[in-house]
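The next block holds one structure in the form of structure tokens; read it before the comments.
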Amino acid sequence: MSTGDASAGKTQRIEGHAAIVGDGMPINRVLPSRLRRLVGPWCFLDHIGPADIAKVGPLRVAPHPHIGLQTVTWLTAGEILHRDSLGSLQMIRAGQLNVMTSGRGISHSEESPAAASGEIHGVQFWTVLPDSARFSEPMFDHYPVLPKISRENLSITVISGEYDGEHSPARHFWPLVGLQISAGLVDTALNLNPAFEHALLVIGGEARIDGEALLPNVMLYLGVGRSGIQLSCDGSCHIILIGGKPFEEDVLMWWNFVGRSHEELTQACIEWNAGRGSFGEVHGYDGGRLGAPMPPWA
């Protein structure tokens, strides 16, 4: 998979597709797609739920590995218990942020805690690590408080990067922005960085972007060169905005790995399945670990 075309002014509507993660948690995946592989460094976007754990069962994603990326987890409802091979044990709750930097290799698990509140809703993103960072030591960061921008009937949480003078504390390695925009009855202009490409995903309610209707689980890619948009909501709506400097390196993805060559991705699968490599072990998860499917070129 190579980088997406970031042609100035190009707009695309990208339909997400329903899928299941772990033991039965419903998600809607909008990145990557055949139409667009990257938005800046953002290479993966799952909309989790909203789901009633009493009906679909708790989230259980067994230990699995990553290379070459960051996982960025943001919840609007519920909780997820994170464990990783660094020894991290961290509960993430609504309004908090987890960022895990795989560097040269890490493994982790994600699950609903025993005392889960009942509903789970949120998003998980991946960002590609540039060559300058992708062989670094793995890291895990938890951010319990993020900056917010409040206007009449509008609230913007700065998940990643900088927006309107507010800076997220999250550690990243490529110029980017990630926001949650929550609005009531509004018709307002939002500024954008014209050096970035951007995309929007409604995760609740309905919105109009420059007059174009946008429903949940359809990503609207805005291209580069835009200095702003007009956002309209007739009631409660919740929107994820991602963006960044167009990524300058060709990348390949297979399963949970981001690399630069078929050989690199094949070797990562072989090493994980053989219990070798730099992935470490996740301790405390009640169950086995996931096996890596071998790529079709192997």
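Add 269 to the 1-based position in the sequence shown for the numbering used here, that's all there is to it. Just so you know, even glycine gets a beta-carbon here, dropped at the ideal spot from N, CA and C. Remember, it's a predicted structure, so these values are computed and weren't measured experimentally.
- How far does the beta strand (DSSP E) with His-441 in it reach, from first residue to last? The continuous stretches of beta strand (DSSP E) do not include His-441, and DSSP gives it neither H nor E.
- CA-to-CA distance, Leu-328 to Ile-322, given in whole angstroms: Ile-322 and Leu-328: Cα-Cα distance of roughly 8 Å.
- Task: Compute the beta-carbon to beta-carbon distance between Ile-349 and Thr-340, rounded to the nearest angstrom, for a pair I have assumed lies under 8 Å.
- Result: At roughly 11 Å, the Cβ-Cβ gap does not stay under 8 Å, so Ile-349 and Thr-340 are not in contact.
- Query: Alpha carbon to alpha carbon, what distance is there between Thr-280 and Leu-483?
  - Reply: If I take the Cα positions, the gap works out to 13 Å.
- Task: Report yes if the CB atom of Met-522 is closer than 8 Å to the CB atom of Pro-301, and no otherwise.
- Result: Contact check for Met-522 against Pro-301 passes: the beta carbons are separated by less than 8 Å.
- Take the Cβ of Val-414 as the centre, count every other Cβ of all protein chains shown within 10 Å, and call the residue buried at 16 or more, exposed below. By the 10 Å Cβ count, Val-414 comes out exposed.
- Query: Using a beta-carbon distance below 8 Å, is Gly-309 in contact with chain B?
  - Reply: Within the model displayed, chain B is absent; a lone protein chain is all it includes.
- Task: Within 10 angstroms of the Cβ of Asp-400, are there 16 or more other Cβ atoms? Answer buried if so, exposed if not.
- Result: The residue in question, Asp-400, is exposed, as its Cβ has fewer than 16 Cβ neighbours within 10 Å.
- Task: Assign Glu-388 to one of three DSSP states: helix, strand, or coil.
- Result: Residue state, collapsed to three classes: strand.
- Query: Where do the N-terminal and C-terminal ends of the beta strand (DSSP E) with Glu-431 fall, by residue?
  - Reply: Per DSSP, Glu-431 belongs to the beta strand (DSSP E) from 423–432.
- Task: List the endpoints of the continuous beta strand (DSSP E) containing Asn-367.
- Result: Note, Asn-367: beta strand (DSSP E), 366–370.
- Message: Please report the straight-line C-alpha distance between Ser-376 and Thr-457, rounded to a whole angstrom.
- Response: The alpha-carbon atoms of Ser-376 and Thr-457 are separated by roughly 42 Å.
- Within the region 442–490, ranges of the beta strand (DSSP E) (whole runs, at least 3 residues): The region 442–490 contains, as complete beta strand (DSSP E) runs of 3+ residues, the segments 445–452, 455–460, 466–473, 476–478 and 481–483 (chain order).
- Task: Could you tell me the distance, in whole angstroms, from the CA atom of Ile-361 to the CA atom of Arg-306?
- Result: Distance between the alpha carbons of Ile-361 and Arg-306 is about 28 Å.
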